[in-house]
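Chemist: Protein chains in written order, with the working numbering: chain A, 22 to 261; chain B, 518 to 909.
All C-beta atoms in this analysis are idealised placements derived from N, C-alpha and C, irrespective of residue type, glycine included.
Before I ask anything, let me first share the structure, which is written out below as structure tokens.
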Amino acid sequence: MLHIEDLWVDVHGKEVLKGIDLYIGKGETHCLFGRNGSGKTTLLMTIMGFDGYQVKHGKIIFKGEDITHMPLNERARLGLGLSFQRPPTLRGVKLRDMLKLCGNGSNKGVQLAIEYGFESFLDREVNLGFSGGEIKKSELLQLLSQNPDLTLLDEPESGVDVENLNVIGDMIRRLLEKDKHRNRTKSGLIITHTGFILNYVTADKGHVMLDGRLVCHGNPIDIFERIQQNGYEECAKCQF
Amino acid sequence: MSVLDHIKSDEELLKKFRPADQAQTIEDLSELDQDELVRLKKTGVDLDAKNRLGTFLQTNCGVVACSCDVQGIEMLPITEALKKYDGLSEYYWRLIDPDKDAFTREAKEHLDNGYFIRAKRGQKVVYPLQACLYIRNDDVAQRVHNIVVAEEGSELHIITGCTTHPHLTSGLHIGISEFYVKKGAKLIFTMVHNWAEEVYVRPRTAIVVEEEGTFLSNYVSLKGVKSVQSFPTCILKGKGAIARFNSVIVAPKGSCIDTGSRIVLEAPETRGEIISRTISYGGYIVARGHLVGKAPDIKAHLECQGLMLGQRGVIHAIPELEAHVPDVDMSHEAAVGKIAKEEIEYLMARGLSEEDATSTIVRGFLNVKIEGLPKELDDELQKAVEECHKGM
Numbered sequence: 022m023l024h025i026e027d028l029w030v031d032v033h034g035k036e037v038l039k040g041i042d043l044y045i046g047k048g049e050t051h052c053l054f055g056r057n058g059s060g061k062t063t064l065l066m067t068i069m070g071f072d073g074y075q076v077k078h079g080k081i082i083f084k085g086e087d088i089t090h091m092p093l094n095e096r097a098r099l100g101l102g103l104s105f106q107r108p109p110t111l112r113g114v115k116l117r118d119m120l121k122l123c124g125n126g127s128n129k130g131v132q133l134a135i136e137y138g139f140e141s142f143l144d145r146e147v148n149l150g151f152s153g154g155e156i157k158k159s160e161l162l163q164l165l166s167q168n169p170d171l172t173l174l175d176e177p178e179s180g181v182d183v184e185n186l187n188v189i190g191d192m193i194r195r196l197l198e199k200d201k202h203r204n205r206t207k208s209g210l211i212i213t214h215t216g217f218i219l220n221y222v223t224a225d226k227g228h229v230m231l232d233g234r235l236v237c238h239g240n241p242i243d244i245f246e247r248i249q250q251n252g253y254e255e256c257a258k259c260q261f
Numbered sequence: 518m519s520v521l522d523h524i525k526s527d528e529e530l531l532k533k534f535r536p537a538d539q540a541q542t543i544e545d546l547s548e549l550d551q552d553e554l555v556r557l558k559k560t561g562v563d564l565d566a567k568n569r570l571g572t573f574l575q576t577n578c579g580v581v582a583c584s585c586d587v588q589g590i591e592m593l594p595i596t597e598a599l600k601k602y603d604g605l606s607e608y609y610w611r612l613i614d615p616d617k618d619a620f621t622r623e624a625k626e627h628l629d630n631g632y633f634i635r636a637k638r639g640q641k642v643v644y645p646l647q648a649c650l651y652i653r654n655d656d657v658a659q660r661v662h663n664i665v666v667a668e669e670g671s672e673l674h675i676i677t678g679c680t681t682h683p684h685l686t687s688g689l690h691i692g693i694s695e696f697y698v699k700k701g702a703k704l705i706f707t708m709v710h711n712w713a714e715e716v717y718v719r720p721r722t723a724i725v726v727e728e729e730g731t732f733l734s735n736y737v738s739l740k741g742v743k744s745v746q747s748f749p750t751c752i753l754k755g756k757g758a759i760a761r762f763n764s765v766i767v768a769p770k771g772s773c774i775d776t777g778s779r780i781v782l783e784a785p786e787t788r789g790e791i792i793s794r795t796i797s798y799g800g801y802i803v804a805r806g807h808l809v810g811k812a813p814d815i816k817a818h819l820e821c822q823g824l825m826l827g828q829r830g831v832i833h834a835i836p837e838l839e840a841h842v843p844d845v846d847m848s849h850e851a852a853v854g855k856i857a858k859e860e861i862e863y864l865m866a867r868g869l870s871e872e873d874a875t876s877t878i879v880r881g882f883l884n885v886k887i888e889g890l891p892k893e894l895d896d897e898l899q900k901a902v903e904e905c906h907k908g909m
């Protein structure tokens, strides 16, 4: 599904990613751990193709296509989707219309919003006055409507209360086809600090990023427990 | 480049145009051709619509249609109303000083026509009435005076479309409007401007709202115009009165639109709101707003948002708050700039092209909630926003 080879990325002239190699197979979910500022978000933003993330070396192959220099919207159309940490407010654009835009005119997102009890937000302006949890729900509904093959999630649990974690977890499971045990086609790459999301979504593999490099790979739950016990420094000496 | 670019004074501007009564007029609506009907429709005036309670149409100086089927609503050409009501002394030139400027003087001395609309006490309408001030020939100066009276407890919605013949480029429109919203009455006044590239527009408008009355104004101008200069003033005279002005303005290259609203909150517990959304595609916009708080316990808010989508345009937002007593709650927010890149990228990350992302944001920006707007007019406006965006 996604194959990244020796990826070096600059942001505002500063080297942030220093030779990333990553392979995510079809139907797999991977987790990305790491300190603030280690480069996790940069990796997601670079995969998605945002301006300002300058690839100096290496390539990104998605579904067999080299997307390293492909425009953002074409990557989205090819099947990449990203949930924003702090999305901008779109004045005058109703969530209902946004969901239809994401789904290329389909009503699916609107129906899901109703299903998840988010109906009262449909006629509100996108992200205007939304709480942290509401932003996450709105982002995930947009993604469900967009239906990407590889979903990039940046701290999906941050700012969400315990009650709503369930709903967020359910939405992510649905996005990643977690109910399918055979022939699953949807993949995911999730950044998490708290690891809470691992209680709701099973992940196949975990990676630790330290100073722009992926230093440790293995079972995500084991890695997370290790980070909790020994901190990130220990990860540099990957035991897995 | 037009010769009109060199006009220095108001008097000189007036001299450039011929009086409307010297231009041909038509006798009957059937003389309007298909092009013109389409144009009127785009301006909010639909002569076939079932959901309009009455229609007033003035071309140049002549009133071609003036009919309203609802009992309790009176609609007359102003010249007839002046005769019928002995000069309308209670209303005519009561809110606006005829000596205010060259244009008010011109309208006072050479009145072409205009409308008088009155909702009688307690009369409430479900659908709007429509009025159209139409300049049909080149270089005509149309001088209009309108009076609207919403009597105690009545409700009235008027859509006024101002436009020019589809093949015409130049003209001058002078419109004096005096509106009276009596105790507990409500007037929704929607004005759509759809002018041509060499048209000068000089409305002079004043409104007075009595106790518990409501005045809602919607102003939409999406097409090119040479110059608009307008600054309606609404006086909230009675306790609990409300006024709200919404404006949606697009200035293409070559247009100069100096507009805004003033609300004077003279009585206690009155509420005022001015919201404007302006876009310059190279045109010059002055977006004014002036709130004057003169009584305790008033609340007023002003919002000026401008988007610069052309390289050379100007948006000059001038929000003003003026408090004369301590117990007032007045605020404003103003922002002018280009579309934020992160908003465009947000939509592109969902698969939209940059162009579609931009128009979605522009549509949203102009999407001011306009109360009481009939669906077809709303659809027309959406289309116009789309067209003006694509045309740039």
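Which residues in the same chain as residue 572 of chain B place their Cβ atom closer than 7 Å to its Cβ, once the five residues preceding and following it in sequence are excluded?
Modeler: 564, 582, 584 and 647
Chemist: According to the neighbour-count rule (16 or more other Cβ atoms, all chains shown, within 10 Å of its Cβ), is residue 34 of chain A buried or exposed?
Modeler: exposed
Chemist: Would you kindly work out how many angstroms separate the C-alpha atoms of residue 560 of chain B and residue 714 of chain B, rounded to a whole number?
Modeler: The alpha-carbon atoms of residue 560 of chain B and residue 714 of chain B are separated by roughly 16 Å.
Chemist: Could you please give the first and the last residue of the uninterrupted beta strand (DSSP E) stretch that includes residue 677 of chain B?
Modeler: 672-681
Chemist: Relative to the alpha-carbon of residue 897 of chain B, which residue among B:543, B:558, B:540 and B:530 has its alpha-carbon at the smallest distance?
Modeler: B:558
Chemist: Just mark residue 186 of chain A as buried or exposed, buried being the case when its beta carbon has 16 or more other beta carbons within 10 Å.
Modeler: buried
Chemist: How big is the Cα-Cα spacing for residue 672 of chain B and residue 93 of chain A?
Modeler: One C-alpha to the other measures close to 51 Å.
Chemist: Beta strand (DSSP E) containing residue 878 of chain B: first to last residue?
Modeler: Note, residue 878 of chain B: premise wrong, no beta strand (DSSP E); alpha helix (DSSP H) at 871-883.
Chemist: Under 7 Å, Cβ to Cβ, is there at least one residue of chain B near residue 145 of chain A?
Modeler: no
Chemist: Starting from residue 46 of chain A, follow its DSSP beta bridges and name the residues at the other end.
Modeler: None, per the DSSP bridge assignment.
Chemist: By how many angstroms is the C-alpha of residue 210 of chain A removed from the C-alpha of residue 732 of chain B?
Modeler: 54 Å
Chemist: If I'm right that residue 194 of chain A touches residue 165 of chain A with Cβ under 8 Å, what's the distance once you round it to whole angstroms?
Modeler: About 11 Å separates the beta carbon of residue 194 of chain A from that of residue 165 of chain A, a gap too long to meet the 8 Å contact definition.
Chemist: With distances taken from CA atoms, which of B:632, B:878 and B:579 is nearest residue 694 of chain B?
Modeler: B:632
Chemist: Using C-beta distances below 6 Å, list every residue in its chain close to residue 772 of chain B, excluding the 5 sequence neighbours before and after it, in chain order.
Modeler: The beta carbon of residue 772 of chain B is closer than 6 Å to those of 741, 742 and 800 in its chain, skipping five residues each way along the sequence.
Chemist: Starting from the N-terminal side, write out each stretch of the beta strand (DSSP E) that is 3 residues or longer and does not extend beyond the region 520-598 of chain B.
Modeler: 571-576, 579-585 and 590-594
Chemist: Opposite residue 825 of chain B in the DSSP bridges: which residues?
Modeler: Under DSSP, residue 825 of chain B shares a beta bridge with B:797.
Chemist: Below 8 Å on the Cβ atoms is my guess for residue 659 of chain B versus residue 577 of chain B; work out the distance and round it to an integer in Å.
Modeler: 6 Å
Chemist: Looking at C-beta atoms only, is the number of pairs between the region 680-691 of chain B and the region 599-615 of chain B that lie closer than 8 Å three or more?
Modeler: no
Chemist: Who are the near neighbours of residue 690 of chain B in its chain, counting only those whose CB is closer than 6 Å to its CB and skipping five residues on each side?
Modeler: 659 and 718
Chemist: Tell whether a beta-carbon distance below 7 Å holds between residue 170 of chain A and residue 100 of chain A.
Modeler: yes
Chemist: For residue 574 of chain B, I'd like the list of residues in its chain whose CB is within less than 6 Å of its CB, leaving aside the five on either flank, ordered along the chain.
Modeler: 581, 582 and 649
Chemist: Which residues in chain A have a C-beta closer than 7 Å to the C-beta of residue 869 of chain B? List them in chain order.
Modeler: 94 and 122
Chemist: Alpha carbon to alpha carbon, how far is residue 238 of chain A from residue 91 of chain A?
Modeler: If you take the alpha carbons of residue 238 of chain A and residue 91 of chain A, they lie about 28 Å apart.
Chemist: Put residue 135 of chain A into one of helix, strand or coil per three-state DSSP.
Modeler: helix
Chemist: Would you mind giving the Cβ-Cβ distance between residue 146 of chain A and residue 113 of chain A, rounded to the nearest angstrom? I have them listed as a contact below 8 Å.
Modeler: 6 Å
Chemist: Where does residue 915 of chain B fall in DSSP's three states?
Modeler: Here chain B covers residues 518 to 909 and nothing more, so residue 915 of chain B does not appear.
Chemist: Work out the CA separation of residue 692 of chain B and residue 96 of chain A for me, nearest whole Å.
Modeler: 54 Å
Chemist: Residue 608 of chain B: buried (16+ other C-beta within 10 angstroms of its C-beta) or exposed?
Modeler: buried
Chemist: Compare the C-beta of residue 568 of chain B with all C-beta atoms of chain A and state if any pair is closer than 7 Å.
Modeler: Judged by the 7 Å Cβ criterion, residue 568 of chain B is not in contact with chain A.
Chemist: Could you tell me the distance, in whole angstroms, from the CA atom of residue 230 of chain A to the CA atom of residue 162 of chain A?
Modeler: 28 Å
Chemist: In chain B, what lies closer than 8 Å to residue 132 of chain A by C-beta?
Modeler: By Cβ distance, chain B contributes nothing, its closest Cβ being about 18 Å from residue 132 of chain A, past 8 Å.
Chemist: Beta-carbon of residue 71 of chain A versus every beta-carbon of chain B: anything under 7 Å?
Modeler: Yes, its Cβ sits closer than 7 Å to a Cβ of chain B.
Chemist: Any idea what DSSP makes of residue 846 of chain B, helix, strand or coil?
Modeler: strand
Chemist: If we define contact as Cβ-Cβ less than 7 Å, is residue 865 of chain B a contact residue for chain A?
Modeler: yes
Chemist: Should residue 63 of chain A be labelled buried (16 or more other beta-carbon atoms within 10 Å of its own) or exposed?
Modeler: buried
Chemist: On the CB-based measure, 16 or more other CB atoms within 10 Å of its CB, does residue 17 of chain A come out buried or exposed?
Modeler: Residue 17 of chain A is absent from the structure shown; chain A starts at 22 and stops at 261.
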